[in-house]
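Protein chains in written order, with my numbering: chain B, 1 to 168; chain A, 1001 to 1168.
In this text, a Cβ means the ideal position worked out from N, Cα and C, and glycines have one as well.
Only a predicted model underlies this, so the values are computations on that prediction, with no experimental measurement involved.
Number of protein chains: 2
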Amino acid sequence: MSEGKDSAAMQRALVQFDCHGTASGKMRNDLRVHMRKPFNEGPFELATDEGSFHGGDGTAPPPLALFVAGLTGCIMTQIRAFAKRMGVTLTNLTVDARVQWDWEAKGRIYETGPRSFEVDVAIESDDPEIKVAALINAARKGCFIEQTLGRQNTIRHRMKTPTGWKEL
Amino acid sequence: MSEGKDSAAMQRALVQFDCHGTASGKMRNDLRVHMRKPFNEGPFELATDEGSFHGGDGTAPPPLALFVAGLTGCIMTQIRAFAKRMGVTLTNLTVDARVQWDWEAKGRIYETGPRSFEVDVAIESDDPEIKVAALINAARKGCFIEQTLGRQNTIRHRMKTPTGWKEL
């Protein structure tokens, strides 16, 4: 099935995004994102802030707004891309996502944890329900963020010290 | 330790973000996000798009850029908020995050999975390294997105049908 080196090379790929964040304002963070693999794209300039209740100036959305928008946009993009590839007509698409977390005070700080993720997909299509359901299920497997949330991921942290980076 | 009903009520809380996504442009998605609990905030207007290689118009960042920016902004926000509460001086903060995914073609569509998450934290502080490390480790537990990625989450999907919402 190979059509040559380029096609064969794209049977598998590593996708990498980097983000450089700088603290600005009271709680604002400026976030410069690049796609590094398999191509170079960006920079994409984003920012987060907090409202006045949390000591910020409200100049940008809070981090969780970017997260929930990223999840919603990712599943929508996958549905739209796969509709063409799977031959499913798609005359309109809206998605409503709801994400809940638990928040608990621990002394002067707090801890958090995820509670629920719900994604409602409304597709207008001339195709039968079974074909539309198959499209959504394929999109779930192609959605980078949904696949990430479905696994227990390890996040490595390092801190900068005078003698170099130190694993936490 | 309770200072009354309001303070007691904030020992635990449910945090909820909703996102309403509409398909616009070739691959662009407009994403309207609201915080619903414990307060109402928003709407926060965000968008995703794809570059021309993926059939989009490049009018907004790709979904993964929002995701990686959300993760980076979340840990930075937690570090800044907790520095005050934990009495750690913080004269400057930058964070560099790198996230990798595997991508694999499956016939005409593809599947994806997370590979690695790396977060490098550079804090300028007059305080000893051990105090700064404790701050970062506390921030990890307070970071909604990091805690979400560390668990195996179930994402419920429903599709709209003529007879109502159907679980997938």
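Endpoints, beta strand (DSSP E) assigned at residue i
i: residue 1104/A; result: 1092-1106
i: residue 1158/A; result: 1155-1161
i: residue 1037/A; result: 1029-1037
i: residue 1042/A; result: 1041-1048
Cβ pair residue i, residue j closer than 8 angstroms
i: residue 1018/A; j: residue 96/B; result: yes
i: residue 1074/A; j: residue 1124/A; result: no
i: residue 1140/A; j: residue 157/B; result: yes
i: residue 51/B; j: residue 58/B; result: yes
i: residue 114/B; j: residue 1151/A; result: yes
i: residue 136/B; j: residue 1168/A; result: yes
i: residue 1093/A; j: residue 1117/A; result: no
i: residue 82/B; j: residue 1109/A; result: yes
i: residue 1196/A; j: residue 165/B; result: No information on residue 1196/A is available, as it lies outside the stretch 1001 to 1168 that chain A covers here.
i: residue 84/B; j: residue 1122/A; result: no
i: residue 48/B; j: residue 62/B; result: yes
i: residue 1046/A; j: residue 69/B; result: yes
Start and end residues, alpha helix (DSSP H) containing residue i
i: residue 114/B; result: It is not in any alpha helix (DSSP H) - residue 114/B instead sits in the beta strand (DSSP E) that spans 109-124.
i: residue 1026/A; result: Per DSSP, residue 1026/A belongs to no alpha helix (DSSP H) and is neither H nor E.
i: residue 1152/A; result: Looking at the DSSP string, residue 1152/A is not in any alpha helix (DSSP H), and its letter there is neither H nor E.
i: residue 143/B; result: It is not in any alpha helix (DSSP H) - residue 143/B carries neither H nor E in the DSSP assignment.
i: residue 63/B; result: 63-86
Alpha carbon of residue i to alpha carbon of residue j, nearest angstrom
i: residue 24/B; j: residue 126/B; result: 50 angstroms
i: residue 65/B; j: residue 1163/A; result: 32 angstroms
i: residue 1119/A; j: residue 1091/A; result: 19 angstroms
i: residue 1020/A; j: residue 1128/A; result: 45 angstroms
i: residue 1089/A; j: residue 1032/A; result: 36 angstroms
i: residue 111/B; j: residue 72/B; result: 25 angstroms
i: residue 1015/A; j: residue 1153/A; result: 16 angstroms
i: residue 11/B; j: residue 142/B; result: 14 angstroms
Identified DSSP bridge partners for residue i
i: residue 18/B; result: 34/B and 1098/A
i: residue 1166/A; result: 1159/A
i: residue 988/A; result: No statement about residue 988/A is possible, as the shown extent of chain A runs from 1001 to 1168 and does not include it.
beta-carbon residue i near the ligand PLP non-hydrogen atom, thresh 7 angstroms
i: residue 113/B; result: Ligands displayed in this structure: none; no statement on the ligand PLP is therefore possible.
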